[in-house]
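Numbering (our numbering), first residue to last: 413 to 491.
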């Protein structure tokens, strides 16, 4: 995917990314959290994402998964 900086609108990197989401991929974002449609597109395509969120965001755990022994050994706190 070729994503270049723009002034926003339909050429904004998040808008371009949303149109090019593929199935079974992992997307890593920094500021994409401001566009929830992008998150929704990723989930609809059965892909995953990792993103940094602002501290002021209200977060709610939708589903909590048990940690494997490997995860616990790696100091993972939650899944």
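Heads up, the beta-carbon is just placed ideally off N, CA and C, and yes, glycines get one too.
Return the residue from the list the options that minimises the CA-CA distance to residue i.
i: residue 474; options: 490, 486, 424, 422; result: 490
i: residue 464; options: 440, 424, 482; result: 440
Kindly list the residues whose CB is nearer than 8 Å to the CB of residue i, restricted to its own chain and excluding five residues on each side of it in sequence; keep chain order.
i: residue 472; result: none
i: residue 453; result: 430, 433
i: residue 435; result: 457, 458, 459
I need the straight-line Cα distance from residue i to residue j, nearest angstrom please.
i: residue 479; j: residue 427; result: 35 Å
i: residue 377; j: residue 485; result: Nothing about residue 377 can be reported from this structure: the residues present for the chain run from 413 to 491 only.
i: residue 477; j: residue 470; result: 20 Å
i: residue 425; j: residue 442; result: 12 Å
Going by beta carbon distance, what residues of the same chain come within less than 6 Å of residue i, once the five residues before and after it are set aside?
i: residue 460; result: 438
For residue i, does the three-state DSSP call read helix, strand or coil?
i: residue 455; result: helix
Any beta-carbon of chain C closer than 8 Å to the one on residue i?
i: residue 429; result: Absence of chain C from the displayed structure is noted, only one protein chain being present.
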